[in-house]
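Visitor: Before I ask anything, let me first share the structure, which is written out below as structure tokens.
There are 2 protein chains.
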Amino acid sequence: MPKRVGIIGVGSTKFGELWDYSFRDLITEAGTKAITDAGIDGKDIEALYIGSMSPGLFAEQEHISALVADYAGLSGIPATRVEAACASGGLALREAYIAIKSGLFDIVVAGGVEKMTDVSTESAMINLMGAGDQEWEAFKGVTFPALYALMTRRHMFEYGTTIEQISMVSVKNHHNATLNPNAQFQFEVSIEDVMNSPIVADPLRLLHCSPITDGASAVILASEEKAKKLSDEVVWISASALATDTIALHDRKSLSRINSSVIAARNAYEQAKIKPKDIDFAEVHDCFSIAEIMAIEALGFCEFGNGGKITEDGETALDGSIPINPSGGLKAKGHPVGATGIAQAVEAVLQLTGRAGRRQVDDAEIGLIHNVGGSGATSVVHILER
Amino acid sequence: MPKRVGIIGVGSTKFGELWDYSFRDLITEAGTKAITDAGIDGKDIEALYIGSMSPGLFAEQEHISALVADYAGLSGIPATRVEAACASGGLALREAYIAIKSGLFDIVVAGGVEKMTDVSTESAMINLMGAGDQEWEAFKGVTFPALYALMTRRHMFEYGTTIEQISMVSVKNHHNATLNPNAQFQFEVSIEDVMNSPIVADPLRLLHCSPITDGASAVILASEEKAKKLSDEVVWISASALATDTIALHDRKSLSRINSSVIAARNAYEQAKIKPKDIDFAEVHDCFSIAEIMAIEALGFCEFGNGGKITEDGETALDGSIPINPSGGLKAKGHPVGATGIAQAVEAVLQLTGRAGRRQVDDAEIGLIHNVGGSGATSVVHILER
Numbered sequence: 055m056p057k058r059v060g061i062i063g064v065g066s067t068k069f070g071e072l073w074d075y076s077f078r079d080l081i082t083e084a085g086t087k088a089i090t091d092a093g094i095d096g097k098d099i100e101a102l103y104i105g106s107m108s109p110g111l112f113a114e115q116e117h118i119s120a121l122v123a124d125y126a127g128l129s130g131i132p133a134t135r136v137e138a139a140c141a142s143g144g145l146a147l148r149e150a151y152i153a154i155k156s157g158l159f160d161i162v163v164a165g166g167v168e169k170m171t172d173v174s175t176e177s178a179m180i181n182l183m184g185a186g187d188q189e190w191e192a193f194k195g196v197t198f199p200a201l202y203a204l205m206t207r208r209h210m211f212e213y214g215t216t217i218e219q220i221s222m223v224s225v226k227n228h229h230n231a232t233l234n235p236n237a238q239f240q241f242e243v244s245i246e247d248v249m250n251s252p253i254v255a256d257p258l259r260l261l262h263c264s265p266i267t268d269g270a271s272a273v274i275l276a277s278e279e280k281a282k283k284l285s286d287e288v289v290w291i292s293a294s295a296l297a298t299d300t301i302a303l304h305d306r307k308s309l310s311r312i313n314s315s316v317i318a319a320r321n322a323y324e325q326a327k328i329k330p331k332d333i334d335f336a337e338v339h340d341c342f343s344i345a346e347i348m349a350i351e352a353l354g355f356c357e358f359g360n361g362g363k364i365t366e367d368g369e370t371a372l373d374g375s376i377p378i379n380p381s382g383g384l385k386a387k388g389h390p391v392g393a394t395g396i397a398q399a400v401e402a403v404l405q406l407t408g409r410a411g412r413r414q415v416d417d418a419e420i421g422l423i424h425n426v427g428g429s430g431a432t433s434v435v436h437i438l439e440r
Numbered sequence: 055m056p057k058r059v060g061i062i063g064v065g066s067t068k069f070g071e072l073w074d075y076s077f078r079d080l081i082t083e084a085g086t087k088a089i090t091d092a093g094i095d096g097k098d099i100e101a102l103y104i105g106s107m108s109p110g111l112f113a114e115q116e117h118i119s120a121l122v123a124d125y126a127g128l129s130g131i132p133a134t135r136v137e138a139a140c141a142s143g144g145l146a147l148r149e150a151y152i153a154i155k156s157g158l159f160d161i162v163v164a165g166g167v168e169k170m171t172d173v174s175t176e177s178a179m180i181n182l183m184g185a186g187d188q189e190w191e192a193f194k195g196v197t198f199p200a201l202y203a204l205m206t207r208r209h210m211f212e213y214g215t216t217i218e219q220i221s222m223v224s225v226k227n228h229h230n231a232t233l234n235p236n237a238q239f240q241f242e243v244s245i246e247d248v249m250n251s252p253i254v255a256d257p258l259r260l261l262h263c264s265p266i267t268d269g270a271s272a273v274i275l276a277s278e279e280k281a282k283k284l285s286d287e288v289v290w291i292s293a294s295a296l297a298t299d300t301i302a303l304h305d306r307k308s309l310s311r312i313n314s315s316v317i318a319a320r321n322a323y324e325q326a327k328i329k330p331k332d333i334d335f336a337e338v339h340d341c342f343s344i345a346e347i348m349a350i351e352a353l354g355f356c357e358f359g360n361g362g363k364i365t366e367d368g369e370t371a372l373d374g375s376i377p378i379n380p381s382g383g384l385k386a387k388g389h390p391v392g393a394t395g396i397a398q399a400v401e402a403v404l405q406l407t408g409r410a411g412r413r414q415v416d417d418a419e420i421g422l423i424h425n426v427g428g429s430g431a432t433s434v435v436h437i438l439e440r
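Protein chains in written order, with my numbering: chain A, 55 to 440; chain B, 55 to 440.
The structure is reproduced here in structure tokens:
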């Protein structure tokens with residue numbers, strides 16, 4: 055087994071309502087950028103993993119593994135699509151990592167893509183409910199904002215978390231996105247803006263919700279030996295963890311914590327032989343602003359119930375003790391669901407190699423990325439180190 | 055890296071129009087049968103891979119990795135869905151194999167499932183076109199029978215293959231299915247029945263086409279050390295190969311051969327250090343009867359252009375020199391697309407352990423399984439040995 059697996063190149067499209075980009079354009083651009091960034095040639099790539107949640111529902115196209123290999127000029131190579139709803143990107147990173155760990159490949163590309171704006175917003179909401187329990191949730195009329203609204207209410211009830219604290223997540227992430235030229239929403243919002251935005255699912259308002267987004271991201275992974283030959287600024291994957299929970303929210307022991315994230319994080323820290331306090335920054339899955347609070351609790355950056363408090367105290371800001379979502383997060387960078395997990399890896403690599411521009415976290419040496427599927431039925435956690 | 059990976063248990067549902075089974079029922083039954091067959095406990099399973107082509111389009115349910123883990127009582131474990139259209143099952147087997155090769159896991163379940171009959175036949179045809187090129191094929195009105203009809207015509211033109219020879223594939227596979235209690239169509243058809251069945255896409259007739267099917271299959275994989283401890287009739291995976299081609303048929307160099315199958319087969323024979331003549335039987339991807347002929351050519355069981363001839367000569371019959379699709383194949387066993395690749399592994403294991411009943415191939419020691427996605431954009435080939 056190769057000792058380590060590293061990332062030697064990254065690329066992303068801009069995120070947003072990209073009406074002049076097709077599904078194919080998006081992933082081809084991201085892949086090309088990653089290959090260029092790695093300084094390799096397409097023919098060096100031995101295998102491809104691609105994460106996408108619902109290309110069948112959003113673009114009537116399945117079989118995107120072969121499609122992406124084809125449009126990247128890589129036809130012939132082994133290509134695999136993986137899916138775990140909004141955690142599809144993180145899963146692609148993980149399966150690419152495992153493929154190199156197996157010793158079968160030395161250089162593998164992992165991509166994520168979603169083209170969401172070619173259908174109506176209503177259709178998009180229905181498609182996204184495929185991430186939840188179709189028979190016990192969607193069929194009853196529950197949407198994703200509603201699921202997270204239930205979790206929000208429970209978190210407020212159990213821990214006294216306030217809607218102001220939850221709103222501060224949105225304010226912070228919008229601020230960070232003003233420093234990210236690829237972000238969908240590069241503008242500030244005030245706490246009043248958030249608190250006065252339209253109700254989506256009480257108590258969640260529009261500015262507590264991540265948007266519908268088109269986008270793609272890609273990273274090039276390599277075995278330790280190859281990585282060292284090809285790059286002098288390798289970012290190492292020191293942990294890769296995946297855990298699941300019940301698909302339906304009502305079957306969980308707790309509505310106020312994401313247990314799959316707790317399991318995956320514990321596993322990841324053990325693999326990397328570090329503690330939460332050793333993490334310099336994290337990209338976490340803030341599909342709704344409450345989700346960032348539940349994430350930082352599950353990842354051990356604070357006690358359970360204290361996520362709102364440390365957000366309010368500014369600890370999660372760019373200059374705080376544990377900067378969360380320097381990229382702007384799903385809330386403001388945008389959330390092309392299958393791309394998100396890979397976009398998090400792209401951001402972590404930029405941070406760890408000092409290429410994050412105006413949103414650079416000082417002395418970033420260890421980063422954590424956290425990608426969630428559905429209402430928490432899947433969590434993927436990776437730790438990256440320079 | 056573990057030296058070898060073995061299969062220690064298998065299970066399948068019956069295949070057919072199973073209106074009293076839901077998606078969940080199907081995969082839960084197959085998984086439970088495989089666990090029972092392996093003589094292990096659910097808690098011994100460390101990771102899950104599940105292949106399904108279009109649960110989003112057929113059942114409005116994505117995120118089936120966590121769903122299947124949940125309904126199997128395995129919530130918590132790492133669970134990954136993979137997809138490559140009709141090759142999703144073969145891909146699940148391969149990724150489970152890679153996961154064990156990586157040394158991260160010792161016991162992994164690989165499953166495949168598709169619930170296709172809850173939508174109209176017209177919807178099913180549209181959904182299945184997601185396996186082809188949406189923009190260049192589906193949008194122009196091309197269906198899968200039409201794509202394979204084009205390949206059929208070209209094969210007939212280049213090699214003089216006759217429609218009678220192609221029909222003999224259907225006759226043979228229907229015969230084999232009469233010996234398979236899980237098959238969808240357990241009845242004989244004559245060559246006249248095939249030649250007089252309704253035209254679907256000239257020259258392909260109804261009895262040249264595999265059906266729309268509900269079904270699920272599962273296999274339990276284990277590292278060499280664990281496999282030997284847990285079972286005294288392990289079937290070893292001596293090769294796992296995956297290759298791709300262009301998504302659109304018109305971009306291929308040849309319409310009469312499946313190049314991804316040629317590449318995957320060559321790679322598989324190298325891994326197993328054997329030749330095509332060493333194979334005792336094969337389960338191949340006969341989504342249309344022409345596909346079996348192209349498969350046996352790509353796999354090296356005869357020269358290119360000779361597939362019709364050796365079928366006519368009876369070489370591919372149960373008592374022939376290279377029995378093909380003893381299970382009845384996709385044509386008559388049925389083709390629940392995501393399950394097919396795993397169902398092929400189940401059949402191979404039954405054959406190699408002498409449990410194939412009335413369709414048992416004599417002295418079966420080495421079997422090959424061959425699973426294709428779309429019109430050949432993905433091919434997965436595994437070689438299994440007792």
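Glycine included, each C-beta is placed from N, C-alpha and C at the ideal position.
Whole angstroms is fine: what's the gap from Leu260(B)'s alpha carbon to Gln238(B)'s?
Guide: Here residue 260(B) is taken as the residue at index 206 of the second sequence, counted from 1. Here residue 238(B) is taken as the residue at index 184 of the second sequence, counted from 1. For Leu260(B) and Gln238(B), the distance between alpha carbons rounds to 15 Å.
Visitor: Check distances from the C-beta atoms of the segment 135 to 156 of chain B to those of chain D and list, in chain order, the residues that come in under 7 Å.
Guide: This model lacks chain D altogether, as its protein chains are A and B.
Visitor: Report buried or exposed for Pro132(A), applying the criterion of at least 16 other Cβ atoms within 10 angstroms of its Cβ.
Guide: Translated into positions along the first sequence, residue 132(A) becomes position 78. When all chains shown are included, Pro132(A) counts as buried.
Visitor: According to DSSP, is Asp95(B) part of a helix, a strand, or is it coil?
Guide: The residue given as residue 95(B) occupies position 41 in the second sequence. Three-state DSSP puts Asp95(B) in coil, outside helix and strand.
Visitor: Nearest-angstrom Cα distance between Cys140(B) and Gln405(B)?
Guide: Residue numbering aside, residue 140(B) sits at position 86 when the second sequence is read from its first letter. Residue numbering aside, residue 405(B) sits at position 351 when the second sequence is read from its first letter. Their Cα atoms are separated by approximately 23 Å.
Visitor: Whole angstroms are fine: how far does the CA of Ile301(A) sit from the CA of Lys194(A)?
Guide: Reading the first sequence from its first residue, position 140 is the one you call residue 194(A). Reading the first sequence from its first residue, position 247 is the one you call residue 301(A). If I take the Cα positions, the gap works out to 15 Å.
Visitor: In this structure, does DSSP put His117(B) in helix, strand or coil?
Guide: Here residue 117(B) refers to the residue found at position 63 when the second sequence is read from its first residue. If DSSP states are grouped into helix, strand and coil, His117(B) belongs with coil.
Visitor: Taking Cβ positions only, does Glu189(B) come closer than 9 Å to chain A?
Guide: The residue given as residue 189(B) occupies position 135 in the second sequence. Output row for Glu189(B): interface = yes.
Visitor: On the CB-based measure, 16 or more other CB atoms within 10 Å of its CB, does Arg148(A) come out buried or exposed?
Guide: In the first sequence, residue 148(A) corresponds to position 94, counting from 1. Buried, because 16 or more other Cβ atoms sit within 10 Å of the Cβ of Arg148(A).
Visitor: If you compare alpha carbons, which of Ala272(A), Glu419(A), Met348(A) and Ile364(A) is closest to Phe335(A)?
Guide: Looking up residue 335(A) in the first sequence gives position 281. Ranking Ala272(A), Glu419(A), Met348(A) and Ile364(A) by Cα distance to Phe335(A) puts Glu419(A) first.
Visitor: What residues in the segment 66 to 82 of chain A have a beta carbon less than 9 Å from any beta carbon of chain B?
Guide: Answer set for the segment 66 to 82 of chain A: Ser76, Phe77 and Arg78.
Visitor: Touching or not, the segment 223 to 237 of chain B and the segment 276 to 284 of chain B, by the rule of three or more beta carbon pairs under 8 Å?
Guide: Segments in contact, no.
Visitor: By how many angstroms is the C-alpha of Phe211(A) removed from the C-alpha of Glu168(B)?
Guide: By one-based count along the second sequence, residue 168(B) stands at place 114. By one-based count along the first sequence, residue 211(A) stands at place 157. When rounded, the distance between both Cα atoms is 41 Å.
Visitor: Which same chain residues end up closer than 6 Å to Glu346(B) when comparing Cβ atoms and leaving out the 5 residues on each side of it in sequence?
Guide: Numbered from 1 along the second sequence, position 292 holds the residue referred to as residue 346(B). Excluding sequence neighbours, Glu346(B) sits near Val223, Val338 and Asp340.
Visitor: Would you call Asn181(A) buried or exposed, if buried means 16 or more other Cβ atoms sit within 10 Å of its Cβ?
Guide: By 1-based counting over the first sequence, the position of residue 181(A) is 127. With 16 or more other Cβ atoms within 10 Å, it is buried.
Visitor: Just to confirm, are Leu275(A) and Ile61(A) a CB contact at a threshold of 9 Å?
Guide: Counted from its first residue, the first sequence places residue 275(A) at position 221. Counted from its first residue, the first sequence places residue 61(A) at position 7. Against a cut-off of 9 Å, the Cβ pair of Ile61(A) and Leu275(A) comes out as a contact.
Visitor: According to DSSP, what are the bridge partners of Leu296(B)?
Guide: Along the second sequence, one-based indexing puts residue 296(B) at 242. DSSP, once it has assigned bridges, lists Val434(B) as partnering Leu296(B).
Visitor: Measuring only between beta-carbons, confirm whether Asp172(B) sits less than 9 Å from chain A.
Guide: Mapped onto the second sequence, residue 172(B) falls at position 118. No, Asp172(B) does not count as interfacial toward chain A.
Visitor: Tell whether a beta-carbon distance below 9 Å holds between Asp98(B) and Thr298(A).
Guide: Position 44 of the second sequence, counting from 1, holds the residue named residue 98(B). Position 244 of the first sequence, counting from 1, holds the residue named residue 298(A). Not closer than 9 Å, so no.
Visitor: What residue range is occupied by the uninterrupted beta strand (DSSP E) comprising Val426(A)?
Guide: Your numbering for residue 426(A) matches position 372 in the first sequence. Start and end: Ile420 to Gly427.
Visitor: Using beta-carbon positions only, say whether Met107(B) and Ser66(B) come within less than 9 Å of one another.
Guide: For the purposes of this step, residue 107(B) is taken as residue 53 along the second sequence, with counting starting at 1. For the purposes of this step, residue 66(B) is taken as residue 12 along the second sequence, with counting starting at 1. For Met107(B) and Ser66(B), no; Cβs fall outside 9 Å.
Visitor: For Ala113(A), return the contacting residues in chain B, with the cut-off set at a CB-CB distance below 8 Å.
Guide: On the first sequence, position 59 is the one that residue 113(A) refers to. Within chain B, the residues near Ala113(A) are Gln188.
Visitor: Within 10 angstroms of its Cβ, does Ser343(B) collect 16 or more other Cβ (buried), or is it exposed?
Guide: Along the second sequence, read from residue 1 onward, the residue named residue 343(B) stands at position 289. Under this definition Ser343(B) is a buried residue.
Visitor: Do we get a CB-CB distance below 9 Å when we pair Gly96(A) with the residues of chain B?
Guide: Residue 96(A) sits at position 42 when you count from the first residue of the first sequence. It does not; no Cβ of chain B falls within 9 Å.
Visitor: I'd like the span of the beta strand (DSSP E) that includes Thr134(B), first residue to last.
Guide: As a first step, residue 134(B) is located in the second sequence; it is residue number 80 there, counting from the start. Ala133 to Glu137 is the extent of the beta strand (DSSP E) around Thr134(B).
Visitor: For Gly421(B) and Lys331(B), I'd like the C-alpha separation in whole angstroms.
Guide: Position 367 of the second sequence holds residue 421(B). Position 277 of the second sequence holds residue 331(B). So the alpha carbons of these two residues sit roughly 11 Å apart.
Visitor: With a cut-off of 9 Å, does the C-beta of Asn181(A) fall near any C-beta of chain B?
Guide: Translated into positions along the first sequence, residue 181(A) becomes position 127. It does; some Cβ of chain B falls within 9 Å.
Visitor: Excluding the 5 residues preceding and the 5 following Glu83(A) in the sequence, name in chain order all residues of the same chain whose CB lies nearer than 8 Å to its CB.
Guide: Sequence index remark: in the first sequence, residue 83(A) carries index 29 (1-based). So the qualifying residues of the chain are Gly65, Thr67, Tyr75 and Ala270.
Visitor: If you scan the segment 379 to 426 of chain A from start to end, which runs of the alpha helix (DSSP H) of 4 or more residues do you find wholly inside it?
Guide: For the segment 379 to 426 of chain A, whole alpha helix (DSSP H) runs of length 4 or above, ordered along the chain, are 391 to 406.
Visitor: Output needed for Arg135(A): all residues of its chain with C-beta closer than 6 Å, excluding positions within five of it in sequence on either side, in chain order.
Guide: On the first sequence, position 81 is the one that residue 135(A) refers to. Excluding residues within five positions, the ones whose Cβ falls inside 6 Å are Ile104, Ile118 and Ser119.
Visitor: Could you give the residue range of the beta strand (DSSP E) that holds Ile312(A)?
Guide: As a working note, residue 312(A) is residue 258 in the first sequence. Run containing Ile312(A): none; DSSP gives neither H nor E here.
Visitor: Under a three-way DSSP split, which group does Gly305(B) fall into?
Guide: Within the second sequence, residue 305(B) is the residue found at index 251, counting from 1. Rather than Gly, the amino acid found at residue 305(B) in this sequence is Asp. Helix, per DSSP.
Visitor: When the cut-off is 9 Å and only beta carbons count, does Ala178(B) lie next to chain A?
Guide: By 1-based counting over the second sequence, the position of residue 178(B) is 124. With 9 Å as the cut-off, Ala178(B) does not count as an interface residue toward chain A.
Visitor: Does chain B have any CB closer than 9 Å to the CB of Glu100(A)?
Guide: Position 46 of the first sequence, counted from the first residue, corresponds to residue 100(A). No, because no Cβ of chain B sits closer than 9 Å to the Cβ of Glu100(A).
Visitor: So, for Trp190(A): in the same chain, excluding its five sequence neighbours on each side, which residues have a beta-carbon less than 6 Å away from its beta-carbon?
Guide: Walking along the first sequence from the start, residue 190(A) turns up at place 136. Correct list, in chain order: Ala302.
Visitor: Note down, in chain order, each residue of its chain lying with its Cβ closer than 6 Å to the Cβ of Ser315(A), except the 5 sequence neighbours on either side.
Guide: To locate residue 315(A), count along the first sequence from 1; it is residue 261. Ala352 and Ser433, listed in sequence order.
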